[in-house]
Amino acid sequence: MSNNISYNELVIKFANVNGSGSASANTFCAKSLYRMGIPISAKNIFPSNIQGLPTWYEITVSESERLARKENIDIMVAMNAQTYASDLNEVISGGTFIYDNSIRRSFDRDDINIIGIPIAKLCAEEYSDSRQRQLFKNIVYLGSLSLLIGIDIDVIEKLLADQFKTKQNLLDANINALNIGRKYVMENIDYPLNKQVRKCNKNSNKIMLNGNEAAALGALYGGATVASWYPITPSTSLVEAFEKHANKLRKTEDGHLNAAIIQAEDELSAIGMAIGANWNGSRAFTATSGPGISLMSEFLGLAYFAEIPLVLFDIQRGGPSTGMPTRTQQSDILSCAYASHGDTKHMILLPADPNECFEFGYKSFDYAELFQTPIMVLSDLDIGMNDWVVDEFSWDPEYKHNRGKLVSADDIENLKSFARYRDVDGDGIPYRTIPATHPEYGSYFTRGTSHTDTGGYTESGVIHAEMLDRISKKFETSKEMLPQPIININSPKSKIGIINYGSTTVALNDAIAQLSSNGIGVNHLRIRSFPFAKSIKDFINDHDFIFILEQNRDAQMKKLLVSEENLDVSKLISVLNYDGMPLTANFIVDNITESLNNNKNIKAANSPPIKIV
Amino acid sequence: MTFIKKPIFRHPSLPTNAIGLTYRDYEGVVSTLCAGCGHDSITASIIDACFELSLPAHKIAKLSGIGCSSKTPNYFLNNAHGFNSVHGRMPSVATGANLANRDLTYIGVSGDGDTASIGLGQYCHAIRRQLNLTYIVENNGTYGLTKGQFSATNDKNSKNKRGMDNPFGSIDLAVIAIELGAGFVARSFSGDKEQLVPLIKAALEYDGFALIDVISPCVTFNNHGYSTKSYDYIREHRSVFGDLDFVPEEETINTSYAEGETISLKLHNGREINFKKLGDDHDPTNQHKVINTLRENRAEGKVTTGLLYIDPNKSDLHQTLKTSNTPLNALPMDDLCPGNDFIDNINNLFR
Ligand SMILES: Cc1ncc(C[n+]2csc(CCOP(=O)(O)OP(=O)(O)O)c2C)c(N)n1
Ligand code: SF4
Ligand SMILES: [Mg+2]
């Protein structure tokens, strides 16, 4: 026991064997901390495997809201002998390493606190069934940990009660296992540890969920009725969540469903179905990851050229090829922006957290119909599959879904003429009908071959070029209508800026705060959509040096910016990470500090921030 | 159709159907296929079938993949929305369209390349799902649009125009369809309107997956002496598997055939199909026997046509998925969006 106890600033890491039932115990731990009102972030680092490979779960606890992943672990709950050696190394000096000492081991670190708890033995004494022996080990270590670091036992018990609402015997068994762990610590171990948690009140307007569930709810709120998909990590849980919530929120009185969820035979078919449904006036989406984007490319070009609305959630994972299917990356930027052959281009939304997944989730359907083109929502594994504590959802009761220039039977009666691909309003966006709109007016032929403004087949080069130009105009129009970037001028006099997008925002916010306290002022712009809003180029022009932070090797967003905005490359400096792990703040701080130290021009562009964040 | 408003003129002497439309009202734009192409005859039969059934054209959606055959939806039903999608992927687009609006009639047109090669997967899965679609394969045993390569429905050892043997076995799309549980499977010949039109009518009225594999000679690349998909070959080797009489409303059944037994089949929607058996083995509801007969005939070099198989009691994709009776595309956004009333409940799920 140490005298200088610190509260609510620590990193806990669980090292487990995949498939051993640890996931729910670890989530219970994170959720209990969230319910205690403490800011946390949780990262599940799991293998592409069902049983046997190592898996980790990290919880960053930070009342000061520095929630990026950290390299140094304060408390390691090491439940996987295969990885003891590396897990031991990650523990910060003065930290704690908890392991199952049913089989005794010696560890050669004397700068940390090593705690052995005979978890397997305790479970073997308590349970006769081998499955229970295995599963309850997880709850036993949760019980021990709760006492060691001060997790409120009432909060855990309430959480378990909520979880096993209808299953009293399961609840009792779990509470019993918790107590086994607590009792052992109470009787045998010097506790509490010097890193403690305690209640605070920072989560009253926060919810804890992953981005895929949030995006699925967004799709429900956006009025999506058709979801066609093919299973692929990390997008699978998005459609599964859509199905789960649709079954509750979209059931008709006679037991039918106001939605159709269909598992296709592959991604080609999944996107084909979504295109067919959108063409026919339903709001439809598909969800996939990198390999699926490759397969969907031909159809994306069709939807682009035939101007069919479509929403596609791409939950990015580590590529190339099958790559690291259970690790995070931002490496589909270029393949999505220009997916398909010929002159194609696609609108992209870039949510940074689950709250934005919800918001972009419903707005994407409006954009798809407004611009009559695919909208790709590029999330990633970190946002999609990890539980985040974010602002609760809100809904504007006045919100009206915007179906763009979709022509109804009444509208068409009043029109003097209709040509599907004609730019009537000068914004590049034509009027659209769906099948069966009217017995005599408004039908047209949809095709991927070049077409006249009435949808007729043409091989006229002039008409073809005009059609491509008109579609470009639509993209021009979209620039100021899609979600605009978030800009933070932390240091008005500094000529250093940093641009990021998506899930790296948490780490970047931490990093900017750290840099600020080191006297380095960086202004920040977060890109939220493509085609790029005009303010992005203005921000770049306003600075002498721009760091661009991305999780891919090839600086994909930088390339996209340079080619789309005609930028001077010499002022752009990439900060790239592609090891598949959620970013740490130190990674960013080190990169930027090093650049300043190595280049006196960058150093000269610095001006300390006005307020220390 | 794309329009500039002007009064519609219908010639008073043109015959009209039950909803007051003329044959003209079912036509499309002028075909650009080769003169004599079998596909154009199928187009004409589709127009006949829709006219005779008095279907409102705008309640039909016509979809296709890519190929000469897949161009044809532009050549019929100007008042219907059409969708010429990508090569081999019409089934998925049709599935999505159908999910969005269960109340329309869907016609899918494809070629043998489009269906039996690049699109074989989507074809099989659309059948498995009992998609309510009339799927017409315009089967010429060749890739017309890319100029005469062998297709996967080409018979082994038949020759192409340059005299080369096809070394690979062929895929029988009708047998696959029966095997995978399609509820309605027929084969016909583009040159036999009398057989084809009633088949199309019955298929359109059938709620579920209805395949019509139509042998449709390609006069430019596959109508020569060694082809097994030429006009002459089909005329000489055709074996008709029963006759079909489609009874759209409560009309009395009239079969013009004297011998044999007639089977009368009631569809879900109350319509009736009368099948005239031509021999004892010809029972279109017996999956195993039908497949055997098709195989035997094929071994003898015969091309079996007619209604090959039917199961009037299949449930379609919407019944399986239990989607709402109101078409999904007709549900108002305000009904679909849980709105402000539920936002607290939803937030509470995540606390
Ligand atoms: C992805 C793709 N690959 C190849 C083609 C080229 N292509 C166009 S039509 C066609 C074959 C069409 O054959 P079939 O479906 O039998 O139609 P037919 O022209 O014989 O009626 C091919 C290979 C294409 N359009 N798309
Ligand atoms: S090439 Fe063959 S299939 Fe194509 S239009 Fe000509 S005859 Fe018909
Ligand atoms: Mg062909």
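Sequence lines, in order, name chains A and B. Converting from the first sequence to our numbering requires adding 102 to each position, the first position being numbered 1. Converting from the second sequence to our numbering requires adding 99 to each position, the first position being numbered 1. The beta carbon of each residue, even a glycine, is placed where N, CA and C say it ideally should be.
- If you draw a straight line from the Cα of alanine 156 of chain B to the Cα of phenylalanine 175 of chain B, it is about 10 Å long.
- Contact between valine 208 of chain B and glycine 378 of chain A does not hold, since their C-beta atoms are separated by about 15 Å, which reaches or exceeds 8 Å.
- When Cβ-Cβ separations below 8 Å define contact, cysteine 133 of chain B makes no contact with chain A.
- The region 147-202 of chain A is shown to contain whole beta strand (DSSP E) runs of 3 or more residues at 156-164, 175-180, 193-202, in chain order.
- Rounded to the nearest angstrom, the Cβ distance from proline 710 of chain A to serine 593 of chain A is 7 Å, consistent with a contact under 8 Å.
- If you compare the alpha carbons of A/Asn118, A/Glu167, A/Lys145 with that of aspartate 612 of chain A, the shortest gap goes to A/Glu167.
- Straight-line measurement puts the Cα of arginine 337 of chain B at about 56 Å from the Cα of methionine 426 of chain A.
- Judged by the Cβ position, serine 168 of chain B qualifies as a neighbour of ligand 3 at the 7 Å threshold, a heavy atom of the ligand being closer than this.
- Across the region 201-233 of chain B, CB contacts with chain A closer than 7 Å involve Leu203, Gly220, Gln221, His224, in sequence order along the chain.
- Counting C-beta atoms within 10 angstroms of its own C-beta, glycine 369 of chain B has fewer than 16 neighbours from the protein chains shown and is therefore classed as exposed.
- Going by C-alpha positions, serine 306 of chain A is about 7 Å away from glycine 139 of chain A.
- From the beta-carbon of cysteine 167 of chain B, no residue of chain A is found nearer than 7 Å; the closest lies around 13 Å away.
- With a cut-off of 8 Å on Cβ pairs, the region 477-496 of chain A is in contact with the region 142-150 of chain A, counting three or more such pairs.
- Boundaries of the alpha helix (DSSP H) harbouring serine 697 of chain A: 687-700, taken from the DSSP string.
- With respect to isoleucine 161 of chain A, alanine 132 of chain A sits close: the two C-beta atoms are nearer than 8 Å.
- Cβ contact annotation for alanine 309 of chain B (same chain, cutoff 6 Å, sequence separation greater than five): Thr233, Phe283, Ala302, in chain order.
- Contact residues of the region 390-410 of chain A toward chain B are Glu400, Phe401, Leu404 (C-beta to C-beta distance below 7 Å).
- Within chain B, the residues whose beta carbon sits less than 8 Å from that of methionine 375 of chain A are Ser191, Val192, Thr194, Gly195, Leu198, listed in sequence order.
- Fully contained in the region 233-281 of chain A are the following alpha helix (DSSP H) runs of length 4 or more, in chain order: 255-265.
- Taking 9 Å as the Cβ-Cβ cut-off, the region 324-337 of chain A approaches chain B at Gly324, Gly325, Ala326, Thr327, Val328, Ser330, given in chain order.
- Within the DSSP secondary-structure output, serine 209 of chain B pairs in a beta bridge with B/Val236.
- In this model, glycine 135 of chain B and leucine 113 of chain B are separated by some 26 Å (Cα to Cα).
- At a cut-off of 8 Å between beta carbons, threonine 419 of chain B makes no contact with chain A.
- A residue is called buried once 16 or more other Cβ atoms fall within 10 Å of its Cβ, and glycine 283 of chain A is buried on that count.
- Counting only runs of at least 3 residues, the region 568-620 of chain A fully encloses the following beta strand (DSSP E) elements, listed from N- to C-terminal order: 588-590, 598-602.
- Contact annotation for aspartate 434 of chain A against chain B: no contact, minimum CB-CB distance about 21 Å [criterion: below 9 Å].
- Taken in chain order, the unbroken stretches of alpha helix (DSSP H) that lie wholly in the region 128-190 of chain B and span 4 residues or more are 137-151, 167-170.
- Taken through DSSP and simplified to helix, strand or coil, aspartate 271 of chain B comes out as coil.
- In the displayed model, glutamine 365 of chain A falls within a strand according to three-state DSSP.
- For threonine 422 of chain B, at least one C-beta of chain A is nearer than 8 Å to its own C-beta.
- In chain A, no part has a C-beta under 7 Å from the C-beta of cysteine 149 of chain B; the shortest such distance is about 14 Å.
- Taking 8 Å as the CB threshold, serine 339 of chain A stays off the interface with chain B.
- Going by DSSP, methionine 449 of chain A is part of no alpha helix (DSSP H) but of the beta strand (DSSP E) stretching over 449-451.
- Classified as buried, threonine 686 of chain A has 16 or more neighbouring CB atoms from the shown chains inside 10 Å of its CB.
- Residues of chain A with a Cβ closer than 7 Å to the Cβ of valine 185 of chain B are, in chain order, Glu400, Phe401, Leu404, Gly550.
- With fewer than 16 neighbouring CB atoms inside 10 Å of its own CB, histidine 443 of chain A falls in the exposed class.
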